[in-house]
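So the sequence lines, in the order shown, correspond to chains A and B. Note that the working numbering has the first sequence beginning at 256, numbered continuously upward. Note that the working numbering has the second sequence beginning at 256, numbered continuously upward. Where a beta carbon is used, it is the ideal one built from N, C-alpha and C, also for glycine. Everything below concerns the one structure shown next.
Protein chains: 2
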Amino acid sequence: MSEPVPLVEVTRGPFVESRHFGHAVVARAGGEIVNAWGDPAKIVLPRSSAKMIQALPLLESGAGAGLSQERLALACASHSGEQRHVDKVSTWLHELGLDEHALCCGPQASRDDALRDDMIRRGVEPSRVHNNCSGKHAGFLMLAKHLGASLDYVDPENPVQKAVKSAFEEVCGERSPGFGIDGCSAPNFAASLAGIARAMAAFATAGTGGGARETAMVSLREAMMAHPELVSGKGRACAALMSAAKGQAAVKTGAEGLFVAILPGLGFGVAIKIEDGATRASEAAMAALLIRLGVVEAEDPRVAAFLAPRIENWDGLHVGDVRACRTLFD
Amino acid sequence: MSEPVPLVEVTRGPFVESRHFGHAVVARAGGEIVNAWGDPAKIVLPRSSAKMIQALPLLESGAGAGLSQERLALACASHSGEQRHVDKVSTWLHELGLDEHALCCGPQASRDDALRDDMIRRGVEPSRVHNNCSGKHAGFLMLAKHLGASLDYVDPENPVQKAVKSAFEEVCGERSPGFGIDGCSAPNFAASLAGIARAMAAFATAGTGGGARETAMVSLREAMMAHPELVSGKGRACAALMSAAKGQAAVKTGAEGLFVAILPGLGFGVAIKIEDGATRASEAAMAALLIRLGVVEAEDPRVAAFLAPRIENWDGLHVGDVRACRTLFD
Chain A
256 MSEPVPLVEV TRGPFVESRH FGHAVVARAG GEIVNAWGDP AKIVLPRSSA KMIQALPLLE
316 SGAGAGLSQE RLALACASHS GEQRHVDKVS TWLHELGLDE HALCCGPQAS RDDALRDDMI
376 RRGVEPSRVH NNCSGKHAGF LMLAKHLGAS LDYVDPENPV QKAVKSAFEE VCGERSPGFG
436 IDGCSAPNFA ASLAGIARAM AAFATAGTGG GARETAMVSL REAMMAHPEL VSGKGRACAA
496 LMSAAKGQAA VKTGAEGLFV AILPGLGFGV AIKIEDGATR ASEAAMAALL IRLGVVEAED
556 PRVAAFLAPR IENWDGLHVG DVRACRTLFD
Chain B
256 MSEPVPLVEV TRGPFVESRH FGHAVVARAG GEIVNAWGDP AKIVLPRSSA KMIQALPLLE
316 SGAGAGLSQE RLALACASHS GEQRHVDKVS TWLHELGLDE HALCCGPQAS RDDALRDDMI
376 RRGVEPSRVH NNCSGKHAGF LMLAKHLGAS LDYVDPENPV QKAVKSAFEE VCGERSPGFG
436 IDGCSAPNFA ASLAGIARAM AAFATAGTGG GARETAMVSL REAMMAHPEL VSGKGRACAA
496 LMSAAKGQAA VKTGAEGLFV AILPGLGFGV AIKIEDGATR ASEAAMAALL IRLGVVEAED
556 PRVAAFLAPR IENWDGLHVG DVRACRTLFD
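As structure tokens, then:
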């Protein structure tokens, strides 16, 4: 087992103040590893970076037939809980004959500062629809109803989660060694980082003539790239990097330092795990790998904002920088 | 140079999801290293863990003669911006003939959720007095006035910062290789982690018969232990660990994974740097070392809350734990 390697540095004045170690894999759909840093066999919990995989049964079952691209993007989203996200998920739930109380995720404050502060001023508590995973859960509910399953859809024994596990193991090309419970209460299945990268490559190479799974993969991939701000939110990494990639990459962050990319033009999948779980590092590392692979440009301000974000102090002074290590480019 | 070693793990279900690598040193006042993990020679920016050192010139110069223990605790504080912190610093500034506009730190929202939300409701912006460093800055201003220096006291060439640098190098027993600009705009001088630990041991062994420096060290150490919630805030690590240690430890956190301890009974100093800068890890590692050194008990809930905090998800489910690695106890 290889140890994690330095992937991202944080400077302050003339010093490297902190360093983030991690693992990264670029793979082809057959599982062939194109590039690797650290330990490709490392077992990881993909957290929200697995949302595209978790959405596969929704489409493969036929439950989600005819779903709009916006709703498919929301099913794959870790959204910011902006008003548009809340409204679209609420409408989806309403059409299912349900409301926020059917969601098994807990409530979460909006990441939209203006909305959050406005809710505080109005004395309105955050709801479950504001939870960044509410779109995924709307998809789970739609699938549960279609399958005639219990609406306790986060139970690992529920047919929804059994279908998710089955799809997950198939696209990763390996048996999952188990699961943890995610921030939103759904089971989150583990796999090797190389398995996750291979799954993303399968999304990248899928074509519409390839059967239900490939068709579902194409639909989800295209929906994400068509609605980057529904997958995340204004100014956030997934939205910025997908906009900059102009159809060359569908990317998805996950808690605890995960970040994955589907690269349709190259037929590659990418998976990154920062050992310590830091988002500032997973974002910088993903920006670096997308530059390395030629799908975005370092000079694009949407990329630079995550490749090398300035660290500003409470008085707005530029006191340091986050920067990807050279090893990600070499 | 030794690489950082795993100090803290984060679990989720049956998996170690993330790991934090770092460095730690326990030292005596003469510089002798009692225990070390990782690289004791690692150069670090101590950030707010240096506040006791930064407060030395305030007392040694005579500027702070007669200051209350509360104000000495605030001079060493990274406080939460609770109303009591804000009120006490405001009164101090007023007695200096100054107000918040004299502070060179930027504004920062209160960490007290109820106060922060109340300010949002009332449409009141956070001020510079709410900044966690406002007590340190009040001390800098008091020293600047005493020295007849410019009130631009964060300029590295200002007599205040020259005095800080001189004291810092003397107590660390080494020349500082430079500085970075801190979150509060003051210069933050670098040293080896072993140097920082040695400085903390000097605070630990200082006696009142030992001249101006030792007297200042005793005053600051005792003030911190007498007012743990003024040094940090309700429910936070420094306050909890100092309360639990019952006069056996003065501890101080710093941004980017720093944590130091002064252990008067043992005559030891402790310094921890988490390589990736994570606070959850520096807190767990400090709790572990205080247990190892016999100054707190693992069963004390004030210690357990930082040694092994539960990770709860948005729905309040217990989904994982932070835990110190065995190496910190062996």
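Asked                                                                                                                                                                             : Found
Just to confirm, are B/V486 and B/C331 a CB contact at a threshold of 9 Å?                                                                                                        : yes
Kindly indicate the opening and closing residues of the beta strand (DSSP E) around B/G277.                                                                                       : F270 to R283
With respect to the beta strand (DSSP E) encompassing A/D576, which residues constitute its N-terminal and C-terminal limits?                                                     : H573 to A579
Rounded to a whole number of angstroms, what is the C-alpha to C-alpha distance between A/G575 and A/R274?                                                                        : 13 Å
Does the beta carbon of B/L572 come closer than 9 Å to any beta carbon on chain A?                                                                                                : yes
Suppose you measure from the CA of A/F276 to the CA of A/D531; what does that come to, to the nearest Å?                                                                          : 7 Å
Below 8 Å, can you find three or more Cβ-Cβ pairs linking the stretch 445 to 456 of chain A to the stretch 278 to 288 of chain A?                                                 : yes
Once you ignore the five residues that flank A/V473 on each side, which residues in its own chain have a CB closer than 6 Å to its CB?                                            : A461 and T463
Closest Cβ-Cβ distance between A/L300 and chain B: below 9 Å?                                                                                                                     : yes
Let me make sure I understand the geometry here. Which of B/A364, B/A404 and B/F444 has the alpha-carbon closest to that of B/G433?                                               : B/F444
Beta-carbon within less than 6 Å of A/G509's beta-carbon, same chain only, minus the 5 sequence neighbours each way: which residues are those?                                    : P301, R302, S303 and S304
For the stretch 353 to 384 of chain A, list every residue whose C-beta sits within 7 Å of some C-beta in chain B, in sequence order.                                              : C360, G361, P362, Q363, D372, I375 and R376
So, does the CB of B/C427 fall closer than 9 Å to a CB anywhere in chain A?                                                                                                       : no
Check distances from the C-beta atoms of the stretch 269 to 283 of chain A to those of chain B and list, in chain order, the residues that come in under 7 Å.                     : P269, F270, E272, S273, R274, H275 and F276
Among the residues of its own chain, which have a CB less than 7 Å from the CB of B/G247, if the five just before and after it don't count?                                       : In the structure as shown, chain B starts at 256 and stops at 585, and residue 247 of chain B therefore has no counterpart that could be examined.
Report the residues of the stretch 525 to 539 of chain B with a CB closer than 7 Å to any CB of chain A, ordered along the chain.                                                 : E530, D531, G532 and A533
Helix, strand or coil: which one does DSSP assign to B/L370?                                                                                                                      : helix
What are the residues that DSSP puts in a beta bridge with A/N443?                                                                                                                : A/G435
How about B/G394: is its C-beta nearer than 9 Å to some C-beta of chain A?                                                                                                        : no
When you compare only the Cα positions, how much space is there between B/D555 and B/A494?                                                                                        : 14 Å
Which residue wins for smallest C-alpha separation from B/E258, given the options B/G490, B/A516, B/H278 and B/A449?                                                              : B/H278
Is the shortest distance between the beta-carbon of B/F434 and the beta-carbons of chain A less than 9 Å?                                                                         : yes
Would you mind giving the Cβ-Cβ distance between A/W347 and A/R366, rounded to the nearest angstrom? I have them listed as a contact below 8 Å.                                   : Contact flag wrong, Cβ pair sits at about 20 Å.
Looking only at DSSP bridge pairs, what is B/N290 linked to?                                                                                                                      : B/V281
Residues of chain B with CB under 7 Å from A/E511, in chain order?                                                                                                                : E272 and S273
Taking beta-carbon pairs under 9 Å, can you tell me which members of the stretch 430 to 462 of chain A lie near chain B?                                                          : P432, G433, F434, G435, I436, D437, G438, C439, S440, P442, N443 and A445
Could you tell me which of A/R581, A/H385, A/R491 and A/A500 sits nearest to A/Q338, measuring between CA atoms?                                                                  : A/H385
Is there a Cβ from chain A that is less than 9 Å from the Cβ of B/W347?                                                                                                           : no
Nearest CA to the CA of B/V515: which residue from B/R377, B/E538 and B/Q363?                                                                                                     : B/E538
List, in chain order, every chain A residue whose beta-carbon is nearer than 8 Å to that of B/W569.                                                                               : C360, G361, P362, Q363, N386, G438, C439 and S440
Rounded to whole angstroms, what's the CA-CA distance from A/P564 to B/E511? Just pull it up for me.                                                                              : 16 Å
Within 9 Å (strictly less), CB to CB, does A/R267 reach chain B?                                                                                                                  : yes
Can you tell me whether B/H340 is buried or exposed, with buried defined as 16 or more other CB within 10 angstroms of its CB?                                                    : buried
From A/T470 to A/Y408, what distance separates their C-alpha atoms?                                                                                                               : 24 Å
Taking beta-carbon pairs under 9 Å, can you tell me which members of the stretch 475 to 494 of chain A lie near chain B?                                                          : none
With contact counted as at least three CB pairs below 8 Å, one residue from each stretch, are the stretch 390 to 409 of chain A and the stretch 306 to 326 of chain A in contact? : yes
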